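Under my numbering, the residues of the sequence shown are numbered 49 to 1162, in order. From the three backbone atoms N, C-alpha and C, an ideal C-beta is built for every residue, glycine too. Only a predicted model underlies this, so the values are computations on that prediction, with no experimental measurement involved.
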Amino acid sequence: MAITEVRIHPAIGIARVGNSDTEFFVGPERRWDRSAPPGGYKDAQCRIKRQAARFRVFGYDNGVPTELTAADATIEWTVHLVNRKAAADGFDQPGPRNSGVTGAARDKLVIDPGARTLTGPDQRVVLDSGTFEVPGSAPVTVPLGEVRTDDDGHLLVLGGLGNSGAPGGTALQHFADNNGWHDDVADGPVTATVTIGGQTFTALGSWVVVAPPKFAPPVDNTIRLWDAVYDAHAAAGLLTPPATPSYTDDIYPVLQSAADSAAVNSDAKGHHGFSHPMAGAQWVYDRLTAPPGPAHMPRQYSVSNSGQWDQNLTGTQLAFVQKWVAGTVTADWDPAWGQRPPPDADITPGGLDKAALENCVGGAFFPGIEGGVILTDTAKYLPVVSNDGVPSFRLDHAKVAPGAVTARIAVPWQSDFYACSTYWWPAPRPNQVDVAGAGSKDWARSVPGSAAFVAGQWAKMGFVTRQGTALVETDRCDGADTVVNLVTPSLTFRDVPQGPGGTTRKAARAVVFEVRSPVPVTLTFTAGPADPSLSRYTPTPVTVPPTGSAITTVRLWIVYAAPNTAHSVTDSLTASCAETGQTWTIPVNANSVPRKTAAAALVLDKSGSMSEDRGDGLGSKAQSLREAASTFLDVMLPGDALSLTAFDDDAAVVRGLTTLGAADDPFDTTRSDLRSAIYGAGFNPGGNTSIGDGIFTGRGTLSGAATDVRSLVVLTDGVENRPRWIADVAAEIDETTYSVGLGTAANTSAAALQTVSGNHGGTLLITGPALGGDNQFLLKKYFLQILAGVSNAEVVLDPAGHIGYRQALRVPFSVCDADNLVDVILTAENRRGLTFLLETPYGRLVDPALARSLGGSFVATDQVSYYRLPLPLLADPGRPAHEGTWNAVLSYDRRGGQDDHGGQDPAAARFQRYSVIVHAWSDVSFTASAQQSSHQPGATVTVVAALADSGIPLTAEATVWAEITRPGGAVSTLALTPDGDEFTGSFVAHTIGDYRIRARAGGRTGRGHLFTRERTLWAGVWRGGDTPPPGGPGDVGGALAEHDRRWCALLRCVLLTLAGNDRLMRRWAEYGVDPKEFLKCVEALCGDTSPDAGASGEVRRLVAELRRTVGDAG
């Protein structure tokens, strides 16, 4: 691009003051953009955000613009803001303001911090050196704002904080001319020097005006500043309006401003129901040209200050309307817009120029809002230059002094704002506004007078913003409009399930209020509930901080603790709000039901690879699977149900859904029957891997289950290579699904299983390449972690370790007041050599006999031993054992023999590995998940966790973290930070392999008792992790190979059938077909597709079927 000229846009930029010193937003840069800034027009302290004017430079190549940024050029900006109001001529009084101040002293009435220059991006300069001084008083510093550059080198001009004052203590006496007063609005030139490609350009300059806030940003004045400046230039012959007006650009703004005025002036309500595009209407033109008085539109005053509605549209606007009435108009309205045109798609020079001035007042200049009547003096402008047909109006820096544009508007501006409460400028200064739920109210309804408004009440006023389709007041901060609504007129605890073994489970419901208030609000429970099963969890009073325009949701929690499984209660409670005087009585209804029973379908891989060594030389993967599944069975709650499904090439139900009796009931055979099935021939390894078929069949066993909760538990050691595929059945799954990969992510269908589990409330766990050594109990631990999810239990602790011969050790774990039932579960290499006891927080040892005598149980099977104890445990008279630190006490008091160690050297018995896992049925719940951005190295893994007490989020009194075991064994800790009602943290998985994640939480309950929780998670990355594995549903080559294999199996089947049927052989010969030659063809085509074990079985089935068919035909 050959740059011939550089210009700054917008030609006139508009900034606005605000009293927030921390937040700002950029003014409109696209036409029709009336969107509110993120978070609204006020900050969290209910202070008005300043509107920044953003300036950009454009390089022109023969009139064609291209934006230049810091990436393209070196841009040096210069800004000179000045406030000269106190030294200017009065607006409504003869002569100058402060006429008694003469000579050099008048210069001290001008607030001029001097020009400021910035070069490059991310710069900032504060305009804080200007002073204001009146005779007899010390000078005061009046900051006029600041200038910045952003990352792209754009210039941002921010005005002052809306400070006004009279150093000498002079009282306000006039709406516009107050001697001895200053404010901090300002204006001045913006220039830039641009160096690009070895050339330096002096950009065509712009002007910035720092104005008061616009309190109804979505509403346009009927005469916009753009209209006034445009008309002045047209009247002077400096530009020619188009012969045919645009409906969108020229007619819509006039009509829509009248319609929107109903939001800022109650007189307009019900009078302007325009629908766009609207055909030309003579009555509209007649009202716009009616004589001053009731019939005249718009209903605004003019500079005549006659007290009549006599403000006329500009001559150009009226000419456009007249042509519209006559049918001469460009029909450029797109019906797809609805009733408002969308913002410009791109930022353009012309769009910047027009967007800035369309949001300003163009009449009446009495004295004005953004600037005075000087803005309509065409002698103050450079010659008009157009950008894509849009004229650019630039003030001539040689003819306009810094501060001149705002010089004659009111000082301070707030006094004029307060006084102009009728028909002057309802868009920037509303007259009446709609308050949500309260109808129309005066905008300044709570202001006692002009002095209060100037002193700071102006910053507490509300903004009119678009809420849905309505324009309503928001962000008000003066207490005039506190609204408190009760969202929950009643509380219902319906069918609250109780815990296992008749233990109590609590539930929480919240009394919910919506509060919108500019001042703090206090909510208090004043009475109830009376029934002891219901209690207040949230201490009151609760003070809600100011919400600004936002609606804040406040929850006061009530907890229901049913004393039995058939309890019901009807009660009520009363709440009140001191600020509004409101009182609410909220009915409460609650009932309990027995615990939710669970059904689990174990869907287990029995493919040929399950016969492989598990990694320690002491057993196969199938053996570990059987031990883990048996442990799962042993620890399941009575009343829950289990089914067993095995899959290889196909799937088969090994044992249908069976409801379990008590684990320690010698007369109940349900568990022993299922255990026999687990160790039976139905799980003997052989064949391929059809995971989808296993899921499909396993789901079938849950059909019609009478339980409340249904879960799938899927285990595989390989990549699916036979249909059904996981993808074929995934959409049908509606059960909570847990998956275990026996191996590494790279050699299992980890990605597909993770999707299935993550989408259905479960988790995927991967064991890694070997189950020996320190990972000996890993598969059992995984199954027990999953069992906790299936049975709605919490994992309190899940440690593993070593114990030496003749050593005693304690494994501590925390029990809190919210825990109702605990399982303390032990697995070990040689449990016959271990003594396993529990120790209460008071030091009382609990053995199996004592546990049974106190209503608990102790179960020991071939795979696991565990205590199941109701809480509190009455182990000590008068001192129930409940919250506090408990211990699992282990002692290794005799060596196991050779038989106990599978043939190991007896020296190995000097120590043995153990694992203790503690489950609790509790009102304190912990959930966690790991979410991956991909399965390739470099993926981001995000751990998300949530804690709740009876459903009430716990964030303040808890710490959540994750211990991450990376590939290679290195362990790191990831802190999870509060994020709303959750905790989150992320890490990047750079190294190929499996990442074992132990998500943990610790904290205190509402009563101050310590608790711990944990969940085991997994993440993994591998090369090609996002590519479907070969032989799977996305593998075209694999599908073709499968197709060829099946055809070859069919051909071999035909040959075998022929060989066994002489009559068919003769018939082939009669037709001239030699079976021997046919056999050679088959072998040539199918030589590399010899059937595997699965295919051989298929051939045998096909042979039998064909023989039956031939026999039937014969």
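Validate contact between the segment 496 to 504 and the segment 462 to 471 using beta carbons, cut 8 Å, 3 pairs
Taking a cut-off of 8 Å for Cβ pairs, the segment 496 to 504 and the segment 462 to 471 touch, as three or more such pairs fall below it.
Going by alpha carbons, who is nearest to G549 out of L1024, S981, P920?
G549 has its Cα closest to that of P920, out of L1024, S981, P920.
Return the chain-ordered ranges of every beta strand (DSSP E) run that is complete within the segment 573 to 606 and spans a minimum of 3 residues.
If we require 3 residues or more, the beta strand (DSSP E) runs fully inside the segment 573 to 606 come out as 582 to 584, 590 to 592.
Put I739 into one of helix, strand or coil per three-state DSSP.
Helix, per DSSP.
Environment of H319 [buried if 16+ CB atoms lie within 10 Å]:
Around the beta carbon of H319, fewer than 16 other beta carbons lie within 10 angstroms, which makes this residue exposed.
C-alpha distance - A778 paired with G742, whole-angstrom precision:
Rounded to whole angstroms, the separation of the alpha carbons of G742 and A778 is 12 Å.
C-beta contact flag for R961 and Q855 at 8 Å
The answer is no: Cβ separation not under 8 Å.
Going by C-alpha distance, which of P339, G246, P261, V481 is nearest G207?
Nearest option by C-alpha distance: P261.
Looking only at DSSP bridge pairs, what is Q802 linked to?
In DSSP, Q802 forms no bridge with anything.
Tell me the DSSP secondary structure of K133 in three-state form.
Correct three-state label for K133: helix.
Around the C-beta of T784, are 16 or more other C-beta atoms found within 10 angstroms, so that it is buried, or is it exposed?
Within a 10 Å sphere around the beta-carbon of T784 sit 16 or more other beta-carbons, which makes this residue buried.
Could you give the distance in angstroms between the alpha-carbon of G816 and the alpha-carbon of A1047?
Between G816 and A1047, the C-alpha separation is close to 18 Å.
Would DSSP call K654 helix, strand or coil?
Of the three classes helix, strand and coil, the one that applies to K654 here is coil, per DSSP.
Where Q753 falls: helix, strand or coil (DSSP):
Per the sequence presented here, residue 753 reads as Ala, with Gln not at that position. Note: A753 maps to coil in three-state DSSP.
So, under 8 Å CB-CB, V495 and Y466 are touching, yes? Tell me the CB distance rounded to an integer number of Å.
A Cβ-Cβ distance of about 7 Å is found for the pair V495 and Y466, placing them in contact under the 8 Å criterion.
Are the segment 254 to 273 and the segment 310 to 327 in contact at 8 Å, needing three or more beta carbon pairs?
The answer is yes - the segment 310 to 327 touches the segment 254 to 273, with three or more Cβ pairs under 8 Å.
For W255, the first and last residue of its enclosing beta strand (DSSP E)
Residues 254 to 259.
Within 10 angstroms of the Cβ of F541, are there 16 or more other Cβ atoms? Answer buried if so, exposed if not.
F541 should be labelled buried.
Using CA coordinates, which residue listed in F715, S805, T270, L827 is at the minimum distance from G791?
The candidate whose alpha carbon is nearest that of G791 is L827.
What residue from D756, A836, V277, T296 has the CA that sits closest to L287's CA?
Ranked by Cα distance from L287, the first of D756, A836, V277, T296 is V277.
Taking 8 Å as the cut-off, decide whether the C-beta atoms of G368 and I299 are in contact.
Note that residue 368 corresponds to Phe in the displayed sequence, not to Gly. If you check the CB distance, F368 and I299 come in under 8 Å.
Separation of A316 from T52, as counted between CA atoms
Rounded to whole angstroms, T52 to A316 spans 51 Å at the Cα level.
Residues near R703 in its chain [Cβ-Cβ closer than 7 Å; skip 5 each side]
Within the same chain, R703 has close Cβ partners S691, L692, L722, A725.
Take the Cβ of A100 as the centre, count every other Cβ of all protein chains shown within 10 Å, and call the residue buried at 16 or more, exposed below.
With a threshold of 16 other beta carbon atoms within 10 Å, A100 meets it and is buried.
Alpha carbon to alpha carbon, how far is V907 from I873? Give it in angstroms, no decimals.
Roughly 9 Å separates the two Cα atoms.
Would you mind sorting L1038 into buried or exposed? The rule is 16 or more other CB atoms within 10 Å of its CB.
With the sequence shown as reference, residue 1038 is identified as His, and Leu is not the correct amino acid for it. It counts as exposed.
W773: first and last residue of the uninterrupted alpha helix (DSSP H) it sits in
From DSSP, W773 is part of no alpha helix (DSSP H); its letter is neither H nor E.
Do you know how far the Cα of R1063 is from the Cα of A1087?
The predicted model places A1087 with a pLDDT of 44, which falls under 50 and marks its position as unreliable; any figure quoted below should be read in that light. Straight through space, the alpha carbons of R1063 and A1087 are spaced by roughly 39 Å.
Cβ-Cβ separation, V1008 to F1031 (assumed contact under 8 Å), whole Å:
That belief holds up - the Cβ atoms of F1031 and V1008 are roughly 4 Å apart, short of 8 Å.
Reduced DSSP category for I851 - H, G, I as helix; E, B as strand; rest coil
Look at I851 here: in three-state DSSP terms it is strand.
Beta-carbon separation (whole angstroms), I395 vs E77, contact threshold 8 Å
Contact flag correct, Cβ pair sits at about 5 Å.
Taking A136 as the reference, which of R456, P587, S977, T622 has the closest Cα?
For the residues R456, P587, S977, T622, the minimum Cα distance to A136 belongs to R456.
Would a C-beta distance cut-off of 8 Å place T1060 and S862 closer than the cut-off?
In this structure, S862 lies closer than 8 Å to T1060 by Cβ.
So what's N823 in DSSP terms, helix, strand or just coil?
Here N823 sits in helix by DSSP.
Using 8 Å as the threshold, is the C-beta distance between R916 and D865 below it?
Their beta carbons are not under 8 Å apart, which means R916 does not touch D865 by this criterion.
Assess contact between the segment 133 to 149 and the segment 225 to 233, defined as three or more Cβ pairs (one per stretch) separated by less than 8 Å. Is contact present?
Three or more beta-carbon pairs separated by less than 8 Å link the segment 133 to 149 to the segment 225 to 233, which places the two stretches in contact.
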